[in-house]
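Structure, as structure tokens:
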Amino acid sequence: MRRMSRNWLGLLAAGAVMLGTAAAQAHPHVWITARSEVIYAPDGTITGVRHAWTFDDMFSTYALQGIEAKTKGAYTREELAPLAQTNVESLKEYAYFTFAKADGKKQKFTEPVDYFLEYNNTELTLHFTLPAKTPFKTRQLSLEVFDPAFFIDFKYADKDPAKLVGAPADCKLQFQRPNDGTASAQQLGEQNFLSGESSNFGAMFANKIVVECP
Amino acid sequence: MKQGSSVARSLAIAAVALAVFALADAAMHALSAQNPFGAPRRAAEPQVGGIIGWLLAKQGEFYREISASIRVAKTDGYAVWTLLGVSFAYGIFHAAGPGHGKAVISSYLVANRETARRGIALSFASALMQSLVAVVIVGIFAWLLNATAKTMCGAERVIEIVSYALIAAFGARLVWSKGGGFFRALQTHVPEPAIAGVPLRRHDHGHHHRDHHHDHGHDHHHDQGHGHQHGHAHAHVHDEHCGHSHGPKPSELAGPGGWRRGLSAIVTVGIRPCSGAILVLVFALAQGLFWAGIAATFVMGLGTAITVATIAILAVSARGVAQRLSAGRDGGGTLFMRGIEFAAAGLVLLFGLGLLFGYLAAERVTCL
Numbered sequence: 012m013r014r015m016s017r018n019w020l021g022l023l024a025a026g027a028v029m030l031g032t033a034a035a036q037a038h039p040h041v042w043i044t045a046r047s048e049v050i051y052a053p054d055g056t057i058t059g060v061r062h063a064w065t066f067d068d069m070f071s072t073y074a075l076q077g078i079e080a081k082t083k084g085a086y087t088r089e090e091l092a093p094l095a096q097t098n099v100e101s102l103k104e105y106a107y108f109t110f111a112k113a114d115g116k117k118q119k120f121t122e123p124v125d126y127f128l129e130y131n132n133t134e135l136t137l138h139f140t141l142p143a144k145t146p147f148k149t150r151q152l153s154l155e156v157f158d159p160a161f162f163i164d165f166k167y168a169d170k171d172p173a174k175l176v177g178a179p180a181d182c183k184l185q186f187q188r189p190n191d192g193t194a195s196a197q198q199l200g201e202q203n204f205l206s207g208e209s210s211n212f213g214a215m216f217a218n219k220i221v222v223e224c225p
Numbered sequence: 027m028k029q030g031s032s033v034a035r036s037l038a039i040a041a042v043a044l045a046v047f048a049l050a051d052a053a054m055h056a057l058s059a060q061n062p063f064g065a066p067r068r069a070a071e072p073q074v075g076g077i078i079g080w081l082l083a084k085q086g087e088f089y090r091e092i093s094a095s096i097r098v099a100k101t102d103g104y105a106v107w108t109l110l111g112v113s114f115a116y117g118i119f120h121a122a123g124p125g126h127g128k129a130v131i132s133s134y135l136v137a138n139r140e141t142a143r144r145g146i147a148l149s150f151a152s153a154l155m156q157s158l159v160a161v162v163i164v165g166i167f168a169w170l171l172n173a174t175a176k177t178m179c180g181a182e183r184v185i186e187i188v189s190y191a192l193i194a195a196f197g198a199r200l201v202w203s204k205g206g207g208f209f210r211a212l213q214t215h216v217p218e219p220a221i222a223g224v225p226l227r228r229h230d231h232g233h234h235h236r237d238h239h240h241d242h243g244h245d246h247h248h249d250q251g252h253g254h255q256h257g258h259a260h261a262h263v264h265d266e267h268c269g270h271s272h273g274p275k276p277s278e279l280a281g282p283g284g285w286r287r288g289l290s291a292i293v294t295v296g297i298r299p300c301s302g303a304i305l306v307l308v309f310a311l312a313q314g315l316f317w318a319g320i321a322a323t324f325v326m327g328l329g330t331a332i333t334v335a336t337i338a339i340l341a342v343s344a345r346g347v348a349q350r351l352s353a354g355r356d357g358g359g360t361l362f363m364r365g366i367e368f369a370a371a372g373l374v375l376l377f378g379l380g381l382l383f384g385y386l387a388a389e390r391v392t393c394l
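Protein chains in written order, with the working numbering: chain A, 12 to 225; chain B, 27 to 394.
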């Protein structure tokens with residue numbers, strides 16, 4: 012009897028593993044090439060983050076479905092305004108895929124401003140600025156961009172992936188890609204299926220911008 | 027004898043662990059993605075790279091090649107062949123991810139003691155339906171109505187919720203029908219020590235045979251042919267619980283008569299289109315090559331079906347191994363197999379509920 016109950020425990024554990032596995036895996040359907048800027052006020056407080064996300068051409072075409080352009084194949088900023096509006100509104104649900112920490116403390120962003128879409132060479136680029144809910148000063152800023160569900164694969168541009176705008180002269184910018192090992196190793200340690208963060212698979216693919224100001 | 031049975035049982039457990047992993051969408055993700063119990067296990071494995079990294083990189087490559095070949099096909103008809111080839115490969119790789127019914131189909135096969143052949147048929151039928159649904163959605167929304175991506179994606183989401191509800195309902199029905207067999211096996215297992223004196227062979231045979239009928243049949247007269255004391259004991263249990271078991275016999279299920287039940291599995295899995303297929307279709311439509319997109323979608327579905335069928339076959343064989351190992355044991359063997367069936371049914375239910383209530387958010391369509 013005791014042996015049997017151990018069997019069932021084993022089965023249960025296996026079941027849990029399976030659910031965890033199912034939750035953990037996903038695959039991207041959208042590829043974004045990103046560039047980001049951290050924006051500083053003259054006194055060195057961080058006021059927000061500015062993103063420029065370029066969608067892959069398949070998704071760009073999909074997003075443009077049903078949108079008319081006066082000149083075929085050349086969409087103006089005005090023609091794309093309603094789509095940009097939809098984009099930033101939809102992004103809210105996903106916290107703009109932007110996760111900031113100041114000295115380890117989570118920072119929030121308010122709704123995007125200055126947003127617009129650009130159509131160039133079959134690809135759409137979404138520009139938007141995320142104002143910090145409360146502008147903050149920090150010794151170490153860590154900014155991660157990724158989709159926890161990994162429906163979207165964020166890849167930062169090869170050239171100038173991240174920039175500081177108006178930062179104090181002694182601030183140092185460091186950029187980590189998900190495949191250079193450092194970021195993902197940290198992420199794996201922090202992850203815990205049982206904590207309810209079941210869908211954090213995408214964290215392995217996080218891009219990390221670290222700014223240190225002594 | 028005790029010793030031997032314990033070894034065999036351990037083997038059976040190992041086989042079940044294997045089966046469960048085959049059921050899981052892809053066990054390798056468990057290794058590289060995250061440890062469900064939180065302990066870091068970095069030491070032995072590479073990060074993002076490895077098998078997942080490779081799968082994802084391949085997928086990305088194929089995906090880009092799909093869009094590129096559709097563009098080229100506008101001027102060069104031969105590029106359509108490239109498109110079909112790449113779509114097929116993409117389907118195979120892509121189905122290693124979620125949302126293609128591997129978990130549901132495999133669990134269903136294990137719970138219902140289905141054959142591998144039927145698993146293949148179900149995989150192909152559901153993949154075909156997934157492709158059809160994708161074509162119908164894009165055909166109606168993009169081609170006929172010229173709706174925006176927002177509308178289309180909204181529709182996709184509604185279908186997604188419906189499909190999750192269907193999985194949960196499907197699982198609930200499986201649990202309901204498998205629960206009877208499991209608890210009956212559990213009850214018959216308890217008095218086991220009292221009848222240890224019966225010769226093993228005969229005992230086993232009778233047991234197995236009887237159980238088979240008790241599970242599914244509603245008359246126990248057949249058992250009387252065996253005419254020994256257990257027949258009576260089991261008939262008694264059977265009377266108590268027969269109201270709970272409405273599942274058809276395995277033979278019925280495997281035959282053509284079982285198609286109605288198979289159909290519910292096909293619809294449950296097939297109603298939800300693949301987001302990738304929808305993107306490809308809309309893209310092809312925008313390039314004025316909708317027909318090429320449709321062809322690519324069906325070829326992609328073929329690739330998907332192959333992957334799903336492979337996993338389904340794995341699940342069915344693992345179940346077979348577990349059954350062989352636990353057969354010939356005392357009542358625990360039957361109990362064990364009923365337990366596996368019940369667990370597989372429960373998994374479908376949990377899976378559906380998890381998806382429905384957003385716990386497994388990883389599978390959601392993201393509308394931007």
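Ideal Cβ positions, reconstructed from N, Cα and C, are used throughout, including at glycine. Please read all numbers here as calculations on a predicted model, not as lab measurements.
Less than 9 Å separating the beta-carbons of residue i and residue j?
i: B/Ala173; j: A/Gln185; result: no
i: B/Ala309; j: B/Ile131; result: Note that residue 309 of chain B is Phe in the sequence shown, not Ala. No, these two residues do not count as a Cβ contact at 9 Å.
i: B/Phe88; j: B/Val112; result: yes
i: A/Ala173; j: A/Val49; result: yes
i: A/Asn98; j: B/Leu394; result: yes
i: A/Phe139; j: A/Arg88; result: no
i: B/Met363; j: B/Tyr116; result: no
i: A/Thr145; j: A/Lys116; result: no
i: B/Ile118; j: B/Gly319; result: no
i: B/Ala122; j: B/Phe377; result: no
i: B/Ile193; j: B/Val374; result: yes
i: A/Trp64; j: A/Ala92; result: no
i: A/Gln187; j: A/Val156; result: no
i: A/Ala217; j: A/Phe110; result: yes
Going by the DSSP bridge assignment, what does residue i pair with across the sheet?
i: A/Trp64; result: A/Ala45 and A/Leu137
i: A/Asp54; result: DSSP lists no partner for A/Asp54.
i: A/Phe186; result: A/Ile220
i: A/Phe124; result: It is Val, not Phe, that sits at residue 124 of chain A in the sequence shown. DSSP lists A/Thr140 as partners of A/Val124.
i: A/Gln151; result: A/Glu223
i: A/Lys117; result: A/Lys112
i: A/Val156; result: A/Thr109 and A/Asn218
What is the DSSP secondary structure of residue i, reduced to helix, strand or coil?
i: B/Val391; result: coil
i: A/Gly59; result: strand
i: B/Val42; result: Residue placement at B/Val42 is poorly supported in this model, since its pLDDT is 49, which falls under 50; the coordinates still yield a value, given next. Three-state DSSP puts B/Val42 in a helix.
i: A/Asn132; result: coil
i: A/Asn203; result: The predicted position of A/Asn203 is uncertain, since its pLDDT is 35 and thus under 50; a value taken from the coordinates is nonetheless stated next. A/Asn203 falls in the coil class under three-state DSSP.
i: B/Ile406; result: With chain B covering only 27 through 394, there is no way to say anything about residue 406 of chain B.
i: A/Ala196; result: Residue confidence for A/Ala196 is low, a pLDDT of 39 falling below 50, so the modelled location carries little weight; the figure read from the coordinates is stated next. The answer is helix: DSSP assigns A/Ala196 an H, G or I state.
i: B/Leu381; result: helix
i: A/Gln76; result: coil
i: A/Lys166; result: strand
i: A/Pro172; result: coil
i: B/Ala153; result: helix
i: A/Thr82; result: strand
i: A/Thr145; result: strand
i: A/Arg88; result: coil
i: A/Leu94; result: helix
i: B/Leu315; result: coil
i: B/Ala195; result: helix
i: B/Lys100; result: coil
i: B/Thr336; result: helix
i: B/Thr141; result: coil
i: B/Thr174; result: coil
i: A/Glu100; result: helix
i: B/Gly346; result: helix
Our contact map puts residue i next to residue j with C-beta atoms below 8 Å; I'd like the distance itself, whole angstroms only.
i: B/Ile304; j: B/Glu182; result: 7 Å
i: B/Ser301; j: B/Val391; result: 6 Å
i: B/Gly296; j: B/Gln156; result: 5 Å
i: B/Ser352; j: B/Gly359; result: 4 Å
i: B/Leu315; j: B/Ala99; result: 6 Å
So which residues on chain C does residue i lean against when the C-beta distance must stay under 7 Å?
i: A/His40; result: Of the protein chains in this structure, namely A and B, none is chain C.
Could you tell me whether any non-hydrogen atom of the ligand GTP is closer than 8 Å to the CB of residue i?
i: B/Ala195; result: Of the ligands one can find in the structure shown there are none, so the ligand GTP has no counterpart to examine.
Below 7 Å between beta carbons is the criterion; list the residues of the segment 67-101 of chain A that meet it against any residue of chain B, in chain order.
Asp68, Met69, Phe70, Thr72, Tyr73, Ala74, Gln76, Gly77, Ile78, Thr97, Asn98 and Ser101
Any C-beta of chain B within less than 9 Å: which residues of the segment 159-174 of chain A qualify?
Pro159, Ala160, Phe161, Phe162, Ile163 and Asp164
Interface positions of the segment 363-381 of chain B facing chain A (Cβ-Cβ less than 7 Å), listed along the chain:
Identification of residues in the segment 363-381 of chain B having a C-beta nearer than 7 Å to some C-beta of chain A yields Gly365, Ala369, Leu373, Leu376, Phe377 and Gly380, given in sequence order.
Between the segment 309-332 of chain B and chain A, which residues of the former have CB atoms less than 7 Å from a CB of the latter, in chain order?
Per Cβ criterion, the list reads Phe309 and Ala312.
Where the segment 142-163 of chain B meets chain A: residues whose CB sits under 9 Å from a CB there
Against chain A - using a Cβ distance shorter than 9 Å - the segment 142-163 of chain B contributes no residues.
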